[in-house]
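Peer 1: Taken in sequence, the protein lines are chains A and B. So the first sequence is numbered by the working numbering: it starts at 11 and just counts up by one. So the second sequence is numbered by the working numbering: it starts at 11 and just counts up by one. Glycine included, C-beta positions come from ideal geometry on N, C-alpha and C. Just so we're clear, the structure is a prediction, and the values are computed from it rather than from any experiment. Here it is: the structure, laid out below.
Protein chains: 2
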Amino acid sequence: MNRLLALDWGSSALRGAMLDDGGNVLEERSFPRGILTVAAGEFPAVFRTCFGDWMAHADLCLIAGMAGSQQGWVEAPYCACPAGFHDIASQLMWVDWNGPGRVGIVPGLSIEHAGVPDVMRGEETQILGALELLSLADARLVLPGTHSKWASVEGGRVVDFSTFMTGEFYALLRRHSILARTLPEAEPPMEHAAFGQGVRHALGGPGLLNTAFSTRTLALFKRLESVALPSYLSGLVIGEELKSQALQPRQTVLVLGADALAARYAQALDIVGATVQQVSAGVTWRGIRAIANTLR
Amino acid sequence: MNRLLALDWGSSALRGAMLDDGGNVLEERSFPRGILTVAAGEFPAVFRTCFGDWMAHADLCLIAGMAGSQQGWVEAPYCACPAGFHDIASQLMWVDWNGPGRVGIVPGLSIEHAGVPDVMRGEETQILGALELLSLADARLVLPGTHSKWASVEGGRVVDFSTFMTGEFYALLRRHSILARTLPEAEPPMEHAAFGQGVRHALGGPGLLNTAFSTRTLALFKRLESVALPSYLSGLVIGEELKSQALQPRQTVLVLGADALAARYAQALDIVGATVQQVSAGVTWRGIRAIANTLR
């Protein structure tokens, strides 16, 4: 009866795992019921439909992700950094679903830089899971994505983080800018040389507002094949992101994710001389379990 | 019979002016016949329809702008920097329109930075016109726009320039990014304080990939009113552009343009401590006349 139900309720998907006493995944489920598909007030019903049967066998369910946002089940206020397992556990937002067992929503994190707030929601659980997986208390991490997050962890607590809209900028430039006229419509296979060329040009350039234009001129002057341009542009935006990280040579960076995008970050980090450690998926369940363990 | 026909044939508009011996504008015309509306091979006919009557009274017509691009009347190869009046005049691309008088297309400029080309087409004529207007041989200039151009002039020749896709990035973020959900759909009046806040945040921040996200978080935390967000975002992108210019305190920067956008650049340049000199429109005709004078 010490089973734990771990949920990752994001914008577009609802995923869940049943974990046993030892944290092993007994079963997983996934539903196309991201919070954008759930009307206000309908969250308890969707939860019951998707996971009600599991709650008969678990005394606790923790939910990470956008379910705690303004558009989610209930708004779970951000937990201010520095924040670790205990800080987050103490700010869980408990909800009522008219069923047995406790259901808590994991708060996101917030921080201020020069009077400007930054936020994450869901990534904090992945970060904690990676720390748990690797038995680390100090780390520098990147979570690549539409909005990449860079985080610094000291003594088991997230002490700093920043958001970079890298994936979104790539998509905007790729599909909606003047560059879209030059780039092939279909996505060609990754070209590692062109990607590296983009990373290097960004690292030495005066910023993406300028370097993005080189995607056009290199095509205009026939210096890059059309099929290489998407990889080059991807290198430009990821290189721009890395440029602002002030990484030390051979500094270890944990890349959370095992997909093609994480592989690109690994290549780019190698160019700037960092040591890359890729951490595959599954860290969300570990993070939720680590938070749950502080409650028991 | 020493009248000069000066044309600015851009992507979306065709403008022309008849200049007398002294360079005074006798008459101006404008047509919605940008090169994007003209099929290949139809350029001489459009020219005849719009300006054939004027050519009976002029012995020379020079055309600046996209008419010299691959999609234009005929491709006028870029003139490599450093380039001044004589360099450009010697590379005019003469075309045949089956009528009296000579018709030449002004070439754009090209330059290489770290093996990557940059180009301009049309702006070179405005720059030369501003030099002529102000009797300057040395200057630092910015031509704000969808693709801003920064240029350095020494001894009457453009020795360096760079393109910044600032206006386009603003439009992409304003209309197509996640920020569009937070920003008001209609364009509210300019908010100078919010604009300045954006400029300052960009100047001190780790790059636009990060600072753009603050448009969302400042709204999320109710630190900026919705109506101030477009001005703030505009300040972010223009501040990002200025950040990479390494301007000296009290350095004079010529801002070519007298519109609302040029006024924003003036405000941003004032924040970085530069001395602004705004140069109003009409410089294209002066530039064309200066090029023509080297031929006579």
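If we cut at 9 Å on Cβ distances, does residue 233 of chain A have a partner in chain B?
Peer 2: It does; some Cβ of chain B falls within 9 Å.
Peer 1: Output the boundary residues of the alpha helix (DSSP H) element that contains residue 54 of chain A.
Peer 2: Here the alpha helix (DSSP H) through residue 54 of chain A covers 53-65.
Peer 1: Using the beta-carbon of each residue, which ones in chain A are nearer than 9 Å to residue 227 of chain B?
Peer 2: Correct list: 120, 126, 127, 128, 129, 173.
Peer 1: From residue 48 of chain B to residue 78 of chain A, what distance separates their C-alpha atoms?
Peer 2: Using only the alpha carbons, I get a separation of about 54 Å.
Peer 1: Could you give the C-beta distance for residue 142 of chain B and residue 300 of chain B, rounded to a whole number, given that I count them as a contact under 8 Å?
Peer 2: That pair is a contact at about 5 Å.
Peer 1: Say whether chain B places a C-beta atom closer than 9 Å to the C-beta of residue 183 of chain A.
Peer 2: Yes, because at least one Cβ of chain B sits closer than 9 Å to the Cβ of residue 183 of chain A.
Peer 1: In the DSSP assignment, find the unbroken beta strand (DSSP E) run with residue 73 of chain A in it and report its ends.
Peer 2: 70-74 is the span of the beta strand (DSSP E), which, as asked, contains residue 73 of chain A.
Peer 1: Here's a check: name, in chain order, each residue in its chain whose Cβ is nearer than 6 Å to the Cβ of residue 283 of chain A, leaving out the five neighbours to either side.
Peer 2: Answer for residue 283 of chain A: 259, listed in chain order.
Peer 1: As a quick exercise: from A:238, A:120, A:160, A:227, pick the residue whose alpha carbon is nearest that of residue 188 of chain A.
Peer 2: Selected option, being the one with the closest Cα: A:227.
Peer 1: Excluding five sequence neighbours on each side, which residues of the same chain lie with their C-beta closer than 6 Å to the C-beta of residue 289 of chain A?
Peer 2: Correct list, in chain order: 140, 264, 266.
Peer 1: Out of A:240, A:18, A:167, which has the shortest C-alpha to C-alpha gap to residue 195 of chain A?
Peer 2: Of the listed residues, the one whose Cα sits closest to residue 195 of chain A is A:240.
Peer 1: Check distances from the C-beta atoms of the stretch 35-58 of chain A to those of chain B and list, in chain order, the residues that come in under 9 Å.
Peer 2: Within the stretch 35-58 of chain A, no residue has a Cβ that lies closer than 9 Å to any Cβ of chain B.
Peer 1: Helix, strand or coil: which one does DSSP assign to residue 112 of chain A?
Peer 2: Strand at residue 112 of chain A.
Peer 1: Please list, in chain order, all residues of the same chain as residue 123 of chain B whose beta carbon is under 8 Å from its beta carbon, the five residues on each side excluded.
Peer 2: The residues are 172.
Peer 1: Measuring only between beta-carbons, confirm whether residue 222 of chain A sits less than 9 Å from chain B.
Peer 2: Yes - at least one Cβ of chain B is within 9 Å of the one on residue 222 of chain A.
Peer 1: By alpha-carbon positions, which one of B:293, B:292, B:160 ends up nearest to residue 254 of chain B?
Peer 2: When only C-alpha atoms are compared, the closest one is B:160.
Peer 1: Measuring only the C-alpha atoms, how far is residue 43 of chain A from residue 111 of chain A?
Peer 2: C-alpha separation (whole angstroms): 22 Å.
Peer 1: Which residues of chain A have a Cβ atom closer than 9 Å to the Cβ of residue 254 of chain B, listed in chain order?
Peer 2: Simply 215, 216, 217, 219, 220.
Peer 1: Give the secondary structure of residue 19 of chain A by DSSP, where H, G and I count as helix, E and B as strand, and everything else as coil.
Peer 2: The answer is strand: DSSP assigns residue 19 of chain A an E or B state.
Peer 1: Return helix, strand or coil for residue 231 of chain A, following the three-state DSSP convention.
Peer 2: Note: residue 231 of chain A maps to coil in three-state DSSP.
Peer 1: Suppose contacts are defined by Cβ-Cβ distances below 9 Å. Is residue 101 of chain A in contact with residue 117 of chain A by that definition?
Peer 2: Going by C-beta atoms, residue 101 of chain A is nearer than 9 Å to residue 117 of chain A.
Peer 1: Using 8 Å as the Cβ pair cut-off and three pairs as the minimum, do the stretch 32-41 of chain B and the stretch 70-85 of chain B touch?
Peer 2: As far as the Cβ criterion goes, the stretch 32-41 of chain B does not touch the stretch 70-85 of chain B, which means the pair count is below three.
Peer 1: Between the stretch 202-217 of chain A and the stretch 240-249 of chain A, do at least 3 Cβ pairs fall closer than 8 Å?
Peer 2: Touching, per the Cβ criterion.
Peer 1: Considering residue 170 of chain B, what are the terminal residues of the beta strand (DSSP E) in which it resides?
Peer 2: Counting along the chain, the beta strand (DSSP E) containing residue 170 of chain B begins and ends at 167-174.
Peer 1: Inspect the beta-carbon positions of residue 167 of chain B and residue 86 of chain B and report whether they are closer than 9 Å.
Peer 2: No.
Peer 1: Per DSSP, what are the beta-bridge partners of residue 287 of chain A in this structure?
Peer 2: Paired residue(s): A:264.
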